[in-house]
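Novice: Residue numbers (the working numbering): 3 to 480.
For glycine and all other residues, C-beta sits at the position ideal for the given N, C-alpha and C.
Handing you this structure, nothing more for now.
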Amino acid sequence: MFLHRCAVALLLTSLCCTSNTTSADDSLKAQAKSALKQAASFYHNKVALRGGYVYYYSPDLTRRLGEGVASDTQIWVQPPGTPTVGLAYLTAYRATADRFYLDAATQAAEALVYGQLQSGAWTNSIDFDPLSGKAARYRNGRGGGSRARNFSTLDDGISQSAIRLLVQVDQAHGFKHKKIHDAAEVALKALLEAQFPNGGFPQGWDETPAPRPQPVKANFPNYDWRTEGRIKNYWDMFTLNDGLAGTVADTLRDAYRVYKDEKYKDAVEQLGDFLILAQLPAPQPIWSQQYNYDMQPIWARRFEPSAVTGGESQDVMETLMAIYRLTGNKKYLAPIPSALAHLKQSRLSDGRLARYYELLSNKPLYMFRRGKSYTLTYDDSQLPKHYGWKIDSRLDEIEREFQRLKREGTKPAPTTNTDQLEAGVRETLKSLNSDRWISTFSGEPLAGQPKFRPGDKYISSGVFSRNVELLSRYLSTP
């Protein structure tokens, strides 16, 4: 009898705890859903300009900043601008089925359609005033005229993020929003046409036909790279800078998933083939930011030397693993072990990686700046502040995922820990100031390099988007 009573008591306690846990979960989800709508309504109704966004706003919304001060007719395409915010709205729509979020994402996509270039993709910003002098040559004919910019760029994920938003909004509308559907098709066609025969991509393109060099394996320059081999139009050549491989692969995978057209999967595989070709031989089996048509590392801007790179090499390995997950072809994993081993040996004393390592010697390579002049140096004591010379290492995470793929094949990775997700949600709710998230500048590097002073308050499209995606991810959990 005593044992029976104990069992009943334990059962009642368990049921009570389960009920309390369920009630707490429901309460947190209700708070998250309410906060999400509150913050998104403010951003859409008060912050947006014709559906578009810039990077930063003063708390009273009187100042708008992209890369520099934005006019009252400008929006930004480059992340974390309009596409970043639009994609966050879409995540909220999928989590809640609330049409408000789809409408907000659609307006962001329509703003991008307005600023789509005649060359098929986008530059970093859009100006709705054709007389401002900052409007580019738009497909809609309302741009800056025949002398205006028509350079579609993949730099900093600009066109990639715009295409991804259009493709996903197109899908959400069942492919029935003609302007968005047509713009997505034009952009994807331009992207595929920009791909070189070896699978690589340039930094961008205009109406000028690009050369079609044949595939060759990456190799070291046979000239003095410090003083020779500089090419003015480096942007026409093979580029991996600013995570281009990963963002282009994501864009093409989105297109393949949404439109079920094999040409997009083929393009992803061709990109993977290029990444295999672009791996330099020993003693530096990693990657460069920029290559010439002979597949040799070259200079880009004055402070971007011919070198191998810590940052882009990590992005390439992550991209190769993503391509393996899509295709199941193990050849895309083959470059990773030697690259990982080399980068592990190249870590700085603080555990980070140098952005640049000198060709062959593998010494960390930096720049000294005096005015507009840059000089190569091994000394990291006076680094120019406008550029990231040292990169956080993701090598441990990359190795863990590589080993998991070797064990489990293309099986998806485990989802986020629920306790960690809930903790993030609580912190996000706590930081919501009425209907907005207000950030305080403390000297950290920010996109666009705004001239904030320590202690300055600002509203960030990047912070808004991350928080919206976090809350939406939580609302999507069972």
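1) For T241, does the count of other Cβ atoms within 10 angstroms reach 16, so buried, or fall short, so exposed?
2) Do S308 and W301 count as a contact pair if the criterion is CB distance below 8 Å?
3) For T155, which beta-bridge partners are listed by DSSP?
4) Is the CB-CB distance between G312 and I400 below 8 Å?
5) I need the DSSP call for S441, collapsed to helix, strand or coil.
6) I need the straight-line Cα distance from K219 to Y359, nearest angstrom please.
7) Please give the ranges of any alpha helix (DSSP H) in the region 298-356, keeping only runs that are unbroken, at least 4 residues long and fully inside the region.
8) Which residues bound the alpha helix (DSSP H) around G426?
9) For Y295, tell me which candidate among S340, R475 and R214 has the shortest Cα-Cα distance.
10) Rounded to whole angstroms, what's the CA-CA distance from P61 to Y460? Just pull it up for me.
11) Please go through the same chain and pick out, in chain order, the residues whose beta-carbon is closer than 7 Å to the beta-carbon of R357, but skip the five residues on each side of it.
12) Should V79 go down as buried or exposed, given a rule of 16 or more other Cβ atoms within 10 Å for buried?
13) Looking only at its own chain, which residues have a Cβ that is under 7 Å from the Cβ of R354, when we skip the five neighbours before and after it?
14) Please work out which residues of its chain come closer than 8 Å, Cβ to Cβ, to M323, disregarding the five sequence neighbours upstream and downstream, and give them in chain order.
15) Please report how far the alpha carbon of V171 lies from the alpha carbon of S433, in whole angstroms.
16) Going by C-alpha distance, which of S340, G231 and N469 is nearest Y45?
17) Nearest to S383 by CA position, among G373, Y368, L397 and Y376, is which residue?
18) Check this for me: beta carbons of I288 and L345, under 8 Å apart or not?
19) Check each candidate in E410, I160 and Q120 and name the one with the smallest Cα separation from N142.
20) Between which two residues does the beta strand (DSSP E) carrying Y261 extend?
21) Locate the beta strand (DSSP E) running through Y1, then write down its first and last residues.
22) By Cβ distance, which residues of its chain are closer than 7 Å to G206, with the 5 residues on each side in sequence left out?
23) Please state if the CB of A196 and the CB of P204 are separated by a distance shorter than 8 Å.
24) Are the beta-carbon atoms of P81 and R166 separated by less than 8 Å?
25) For R214, name the three-state secondary structure that DSSP assigns.
26) Does V71 come out as helix, strand or coil in the three-state DSSP assignment?
27) Under 8 Å, do N243 and Q298 count as touching if we go by C-beta distance?
28) Rank E230, Q216, V188 and E187 by C-alpha distance to the C-alpha of P199 and give the top, closest one.
29) The beta strand (DSSP E) that contains P149, what's its start and end?
30) Residue ranges of each alpha helix (DSSP H) run of no fewer than 4 residues wholly in the region 69-123, ordered along the chain?
31) Between the C-alpha atoms of D458 and F443, what's the straight-line distance to the nearest angstrom?
32) Can you tell me where the beta strand (DSSP E) holding D129 begins and where it ends?
33) For A42 versus A94, is the C-beta spacing smaller than 8 Å?
34) At which residues does the alpha helix (DSSP H) containing L279 begin and terminate?
35) Quick one: residues in its chain with C-beta nearer than 8 Å to the C-beta of P456, no 5 flanking neighbours on either side, listed in chain order?
36) Can you give me the C-alpha to C-alpha distance between S29 and K39, rounded to a whole angstrom?
Specialist: Quick answer:
1) buried
2) yes
3) G206
4) no
5) strand
6) 20 Å
7) 312-329 and 338-347
8) T420 to S433
9) R214
10) 6 Å
11) T311, G312, G313, G390, W391, K392 and I393
12) buried
13) K392, I393, D394 and S395
14) Y334, L335, I338, I400, E403, F404 and L407
15) 30 Å
16) N469
17) Y368
18) yes
19) Q120
20) Taken as a continuous stretch (DSSP letters only), Y261 belongs to no beta strand (DSSP E), being part of the alpha helix (DSSP H) at L246 to Y261.
21) Residue 1 is absent from the structure shown; the chain starts at 3 and stops at 480.
22) F153, S154, T155, L156, D157 and W237
23) yes
24) no
25) coil
26) strand
27) no
28) Q216
29) For the sequence presented, residue 149 should be read as Arg rather than Pro. Where R149 is concerned, there is no enclosing beta strand (DSSP E), given that its DSSP letter is neither H nor E.
30) 84-98 and 101-116
31) 5 Å
32) S127 to D129
33) yes
34) E264 to A280
35) F443, S444 and G445
36) 16 Å
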